[in-house]
Structures are given as C-alpha cells and as structure tokens.
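Enquirer:
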Amino acid sequence: MGKVAAKIKVMPESPEVDLDDLQERLEGVLPEGTKINGFEREDVAFGLVALTPTVIVPDDSGGTEAVEEAFANVDDVESVSIESTGRL
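So the sequence shown is numbered by the numbering used here: it starts at 1 and just counts up by one.
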C-alpha cells in the first residue's frame, strides 16, 4: 500500500499563539494511520509564524482532507492549506 507525504501550512490566529503548544495539539488530532514526519516553522509577516508539518497519509485513507479538517478544528488555527504533496 502506498503513502502520500503532504506538506501542510497551518496559520495560527495571532503571533501570541504558543507554537510548541499548537504543535502538540495538532499531533493530538491526527486521524488514525497518519503521522507527522517533522515540523518546520516559516516566518510569514509581522511576527506571525506558520507551522508546516509534513504529514504521511496512507493512500487508502482518502487523501489529506481528514487531516486538513482535523487541523482546521484546532483552537488558535486561522487557516490550513496544502503546500505540496508527493508519493512515497
């Protein structure tokens, strides 16, 4: 069974959001069978920093939609978008 690696950009609601805490909460809502293969941080503007986790998703799980939805429902998340995807 194949897997897909997706880099997802998660924008916090404000620069005051604790990114370490947000990172833990994102890891806590991952759908079953998916995993995070590292986080990067990207300076956006005005002190705002986006988290860009790389998420490994099994092919048969319906793609990245479940992960995007789970991340979007986490407190302090302003928006979620796919930066890139690729097969493993």
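Quick reminder that beta carbons are idealized off the backbone N, C-alpha and C, glycines included.
Am I right that Glu78 and Glu13 are in contact with their C-beta atoms under 8 Å? What's the rounded C-beta distance?
Expert: Here the question's residue 78 lines up with position 78 in the sequence shown. Here the question's residue 13 lines up with position 13 in the sequence shown. About 5 Å separates the two Cβ atoms, so the contact holds.
Enquirer: Measuring CB to CB, does Leu30 end up less than 8 Å from Val10?
Expert: Counted from its first residue, the sequence shown places residue 30 at position 30. Counted from its first residue, the sequence shown places residue 10 at position 10. No, the pair does not count as a contact, with Cβ atoms beyond the cut-off.
Enquirer: Beta carbon of Lys9: closer than 7 Å to some heavy atom of the ligand SAH?
Expert: In the structure shown, the ligand SAH is absent, as is every other ligand, since no ligand is present at all.
Enquirer: Report buried or exposed for Glu15, applying the criterion of at least 16 other Cβ atoms within 10 angstroms of its Cβ.
Expert: Here the question's residue 15 lines up with position 15 in the sequence shown. Per the sequence shown, residue 15 should be read as Pro rather than Glu. So Pro15 counts as exposed.
Enquirer: Is Phe46 buried or exposed, if buried means 16 or more other CB atoms sit within 10 Å of its CB?
Expert: Within the sequence shown, numbered from 1, the residue matching residue 46 stands at position 46. Label assigned to Phe46: exposed.
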